[in-house]
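S.K.: This is the structure I have questions about; it appears just below.
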Amino acid sequence: MLLMYCRSLLESEKIMLIKRFTRPFRQLQGKLTLSYTLTSVVTFLLIEVTAIAIVLWFVSLNVSNIVLNNLKQEAPQAAPYFVHGSPDSEALASWLHIINPSVANQGPFNNHPTVFLTAVDPHGQVIASIGTHAVHPGILIQSQLSTRNRNNLRAVLTDRKGTMSTITQEADGTLLAITPIVGQEGNVQGALIMKIVRPDIFQLVSAFLQLIVVTVVIVTTIAAIAGMVFGYLTARGLTRRLKGLTTAADRWGRGDFSALAHDASEDELGYVARQFNRMAEQLQNLLQARQKLATLEERNRLARDLHDSVKQQIFAVAMQIGATKVLLKRDVNAAEVRLNEAQKLVNQAQQELTSLIRELRPVALEGKGLVAALRELATQWTQQTDIVANLRAEGKQTLPLTLEEGLFRVAQEALANVARHSKATLVQIILTTTGETVTLSVADNGQGFDTARSEHPGIGLLSMQERMRALGGDVEVESTPGKGTRITAHCKRLGVATGDIIAAPDDENAQGRRQAKVADGA
Numbered sequence: 008m009l010l011m012y013c014r015s016l017l018e019s020e021k022i023m024l025i026k027r028f029t030r031p032f033r034q035l036q037g038k039l040t041l042s043y044t045l046t047s048v049v050t051f052l053l054i055e056v057t058a059i060a061i062v063l064w065f066v067s068l069n070v071s072n073i074v075l076n077n078l079k080q081e082a083p084q085a086a087p088y089f090v091h092g093s094p095d096s097e098a099l100a101s102w103l104h105i106i107n108p109s110v111a112n113q114g115p116f117n118n119h120p121t122v123f124l125t126a127v128d129p130h131g132q133v134i135a136s137i138g139t140h141a142v143h144p145g146i147l148i149q150s151q152l153s154t155r156n157r158n159n160l161r162a163v164l165t166d167r168k169g170t171m172s173t174i175t176q177e178a179d180g181t182l183l184a185i186t187p188i189v190g191q192e193g194n195v196q197g198a199l200i201m202k203i204v205r206p207d208i209f210q211l212v213s214a215f216l217q218l219i220v221v222t223v224v225i226v227t228t229i230a231a232i233a234g235m236v237f238g239y240l241t242a243r244g245l246t247r248r249l250k251g252l253t254t255a256a257d258r259w260g261r262g263d264f265s266a267l268a269h270d271a272s273e274d275e276l277g278y279v280a281r282q283f284n285r286m287a288e289q290l291q292n293l294l295q296a297r298q299k300l301a302t303l304e305e306r307n308r309l310a311r312d313l314h315d316s317v318k319q320q321i322f323a324v325a326m327q328i329g330a331t332k333v334l335l336k337r338d339v340n341a342a343e344v345r346l347n348e349a350q351k352l353v354n355q356a357q358q359e360l361t362s363l364i365r366e367l368r369p370v371a372l373e374g375k376g377l378v379a380a381l382r383e384l385a386t387q388w389t390q391q392t393d394i395v396a397n398l399r400a401e402g403k404q405t406l407p408l409t410l411e412e413g414l415f416r417v418a419q420e421a422l423a424n425v426a427r428h429s430k431a432t433l434v435q436i437i438l439t440t441t442g443e444t445v446t447l448s449v450a451d452n453g454q455g456f457d458t459a460r461s462e463h464p465g466i467g468l469l470s471m472q473e474r475m476r477a478l479g480g481d482v483e484v485e486s487t488p489g490k491g492t493r494i495t496a497h498c499k500r501l502g503v504a505t506g507d508i509i510a511a512p513d514d515e516n517a518q519g520r521r522q523a524k525v526a527d528g529a
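Positions 8 to 529 (my numbering) are the ones given, in order, by the sequence shown.
This is the structure in structure tokens:
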């Protein structure tokens, strides 16, 4: 069991490390950076492979010239060994061993053994020779050469200017180069003859393999760094522009269509941003038109209700009062009956007006401000649940009636959630109003929950979010297991509705004036 637990723990740690390493590449900026890097590396590798192929092809075509040039560069050093027509064969052989690496083991001929490197006199007699098939001194070299090369050797030895050199490819694939040894007086004293195996393309690649590998590593590293930097900068600009679009779209989703996506470029993203801005402007105009239409419809409904109920009742009251004035002088009892009828009509009108007012404003807010209603709600809720609820109000800026109603409903739903789920003993309600914003926070010390695992919010939270978004605000939920939950509703102080009525300040004098008016009306 312990082994299985350790194994599962190692697997989980491995998965977490992989996720942590690949997390940047799951974002758009990381994907674009990786794409630019890979594209740069592949492009540079293709260019390098093409360049190497061209170089190898050029070297393959010029192998003969390379051999002949190497031999011609070393030939003048042999002249001092031809003294008074009697060359020093031993010294000449030692010299051949010295120059052989620089002549035969350079460039594409690295690790290719020399068949023979031979020095001959003007008659073609071998003076010294080295190599895998070295020719014995004293033998005429013509016996080792093809007819074509014998003619070439004769032409080189008889050339008075001493400038003629030849190289040919034998039937067995070897190269045979002949160059003159010219003395200080300009006469031809002999010749250097070299026979070497011609390397094929695979041998050329092998000869340059170390250089190719080093070049590939350097170029790949430079390409990767350049691609990563260029990709990061390019992707950063692109993701920054996309972030501007998503930020504006997020505010549009919360009902704030005054936000704009600022992108003045002429590419596709700029075109999309301008189209989005135009759409947001149209939606803003549509919402304002709908709000104005809803306000107009509500006014018309109130006008109809007042006309069909209160106005008729007041007209009937006026008729009763007029009849009472006439009856007071003739029949007091009949006049009293008329007054009683008028009083009933007044009571009915008062009830009708009360019903209309309650449709416009919650009962809990009737005759009170938001702070007083929240204080009364906290007191009643504490008595019902035995959970202490404290209220703190910061700021005395006035609020629209629609916003007061929305915040009051959010507070009701938040307290209901605390009572049902939190197992808390203390709730702190904070209402903060400033010149531009209003924030309502309901925090408890309950058991909390993991918001990352709560994929589907409850109906209560959805209701709060929809209510606040309709006012241009939003609701945020912060919770940690064992540390409680905080629900925060925030919105602009004047909301997004047009034509909102501003509630009176929540101070004691204003509250006293409202109570006095209610008492006078009763």
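Glycine included, every Cβ here is placed at the ideal spot set by N, Cα and C.
What does the Cβ neighbour count give for residue 481, buried or exposed, with the cut at 16 atoms within 10 Å?
M.R.: Here the question's residue 481 lines up with position 474 in the sequence shown. Flag for residue 481 reads buried.
S.K.: Measuring CB to CB, does residue 492 end up less than 8 Å from residue 451?
M.R.: Your numbering for residue 492 matches position 485 in the sequence shown. Your numbering for residue 451 matches position 444 in the sequence shown. In this structure, residue 451 lies closer than 8 Å to residue 492 by Cβ.
S.K.: Would residue 172 and residue 79 be called neighbours here (beta carbons separated by less than 8 Å)?
M.R.: Sequence index remark: in the sequence shown, residue 172 carries index 165 (1-based). Sequence index remark: in the sequence shown, residue 79 carries index 72 (1-based). For residue 172 and residue 79, yes; Cβs fall inside 8 Å.
S.K.: Locate the beta strand (DSSP E) running through residue 176, then write down its first and last residues.
M.R.: Position 169 of the sequence shown, counting from 1, holds the residue named residue 176. Residues 173-176.
S.K.: Helix, strand or coil: how does DSSP classify residue 144 here?
M.R.: Position 137 of the sequence shown holds residue 144. Looking at residue 144 - three-state DSSP - the assignment turns out to be coil, as it is neither helix nor strand.
S.K.: In terms of alpha-carbon separation, which member of 71, 410, 260, 139 lies closest to residue 501?
M.R.: The sequence position of residue 501 within the sequence shown is 494, counting from 1. Comparing Cα-Cα distances from residue 501 to each of 71, 410, 260, 139, the minimum goes to 410.
S.K.: Is residue 75 close to the ligand NAD? I mean its beta-carbon at under 7 Å from any heavy atom of the ligand.
M.R.: Within the structure as shown, the ligand NAD is missing, as the structure has no ligands at all.
S.K.: For residue 195, collect the residues of the same chain with a Cβ closer than 8 Å to its Cβ; drop the 5 residues on either side in sequence, then sort them by chain order.
M.R.: Reading the sequence shown from its first residue, position 188 is the one you call residue 195. The answer, listed in chain order, is 129, 163, 164, 165, 166, 167, 169, 187, 188, 189.
S.K.: Out of 156, 181, 157, 159, which one is the CA nearest neighbour of residue 140?
M.R.: Counting from one through the sequence shown, the residue named residue 140 turns up at place 133. It is 181 whose Cα lies nearest to the Cα of residue 140.
S.K.: Taking the alpha helix (DSSP H) that residue 425 belongs to, which residues open and close that run?
M.R.: Position 418 of the sequence shown, counted from the start, is the residue given in the question as residue 425. Neither: residue 425 is in no alpha helix (DSSP H) and is coded neither H nor E.
S.K.: Please report how far the alpha carbon of residue 415 lies from the alpha carbon of residue 467, in whole angstroms.
M.R.: Indexing the sequence shown from 1 puts residue 415 at position 408. Indexing the sequence shown from 1 puts residue 467 at position 460. Distance between the alpha carbons of residue 415 and residue 467: 14 Å.
S.K.: By a C-beta neighbour count over all protein chains shown, 10 Å radius and 16 as the cutoff for buried, is residue 292 buried or exposed?
M.R.: For the purposes of this step, residue 292 is taken as residue 285 along the sequence shown, with counting starting at 1. With fewer than 16 other Cβ atoms within 10 Å, it is exposed.
S.K.: Look up residue 153 in the DSSP assignment and say whether it is helix, strand or coil.
M.R.: If you number the sequence shown from 1, residue 153 lands on position 146. Three-state DSSP puts residue 153 in coil, outside helix and strand.
S.K.: Compute the distance between the beta-carbons of residue 134 and residue 94, then report whether it is under 8 Å.
M.R.: For the purposes of this step, residue 134 is identified with residue 127 of the sequence shown, where counting begins at 1. For the purposes of this step, residue 94 is identified with residue 87 of the sequence shown, where counting begins at 1. Going by C-beta atoms, residue 134 is nearer than 8 Å to residue 94.
S.K.: Please state the DSSP three-state secondary structure of residue 38.
M.R.: The sequence position of residue 38 within the sequence shown is 31, counting from 1. The answer is helix: DSSP assigns residue 38 an H, G or I state.
S.K.: When the Cα of residue 425 is compared with those of 442, 445, 449, which residue comes out closest?
M.R.: To locate residue 425, count along the sequence shown from 1; it is residue 418. Out of 442, 445, 449, 449 has the C-alpha closest to the C-alpha of residue 425.
S.K.: Is residue 244 helix, strand or coil when you go by DSSP?
M.R.: Here the question's residue 244 lines up with position 237 in the sequence shown. In this structure, residue 244 counts as helix in the three-state DSSP scheme.
S.K.: Is the distance from the Cβ of residue 394 to the Cβ of residue 439 below 8 Å?
M.R.: On the sequence shown, position 387 is the one that residue 394 refers to. On the sequence shown, position 432 is the one that residue 439 refers to. Going by C-beta atoms, residue 394 is not nearer than 8 Å to residue 439.
S.K.: From residue 199 to residue 67, what does the alpha carbon distance come to, in whole angstroms?
M.R.: One-based indexing of the sequence shown puts residue 199 at position 192. One-based indexing of the sequence shown puts residue 67 at position 60. Whole-angstrom Cα-Cα distance: 23 Å.
S.K.: For residue 73 and residue 65, what's the separation of their Cα atoms in angstroms?
M.R.: In the sequence shown, residue 73 corresponds to position 66, counting from 1. In the sequence shown, residue 65 corresponds to position 58, counting from 1. Whole-angstrom Cα-Cα distance: 11 Å.
S.K.: Kindly confirm or deny that the region 259-267 and the region 237-248 touch, where touching means at least three C-beta pairs closer than 8 Å.
M.R.: No, the region 259-267 is not in contact with the region 237-248.
S.K.: Who pairs with residue 435 in a beta bridge, going by DSSP?
M.R.: As a position in the sequence shown, residue 435 is number 428, starting the count at 1. In DSSP, residue 435 forms a bridge with 397, 450.
S.K.: Can you look up residue 485 in the DSSP assignment and give me helix, strand or coil?
M.R.: Along the sequence shown, read from residue 1 onward, the residue named residue 485 stands at position 478. Reduced to three states, the DSSP call for residue 485 is strand.
S.K.: Would you call the region 224-238 in contact with the region 48-61, where contact means no fewer than 3 C-beta pairs closer than 8 Å?
M.R.: As far as the Cβ criterion goes, the region 224-238 touches the region 48-61, which means the pair count is three or higher.
S.K.: Among 364, 320, 158, 270, which residue has its Cα nearest to the Cα of residue 354?
M.R.: By one-based count along the sequence shown, residue 354 stands at place 347. Residue 354 has its Cα closest to that of 320, out of 364, 320, 158, 270.
S.K.: By DSSP, does residue 130 sit in helix, in strand, or in coil?
M.R.: Translated into positions along the sequence shown, residue 130 becomes position 123. Coil at residue 130, not helix or strand.
S.K.: Quickly, what does DSSP pair residue 236 with across the bridge? List them, please.
M.R.: Reading the sequence shown from its first residue, position 229 is the one you call residue 236. Answer is none; residue 236 lacks a bridge partner.
S.K.: Thinking just about the alpha-carbon of each residue, which of 401, 301, 470, 435 is nearest to the one in residue 442?
M.R.: Translated into positions along the sequence shown, residue 442 becomes position 435. Of 401, 301, 470, 435, the residue nearest in Cα terms is 401.
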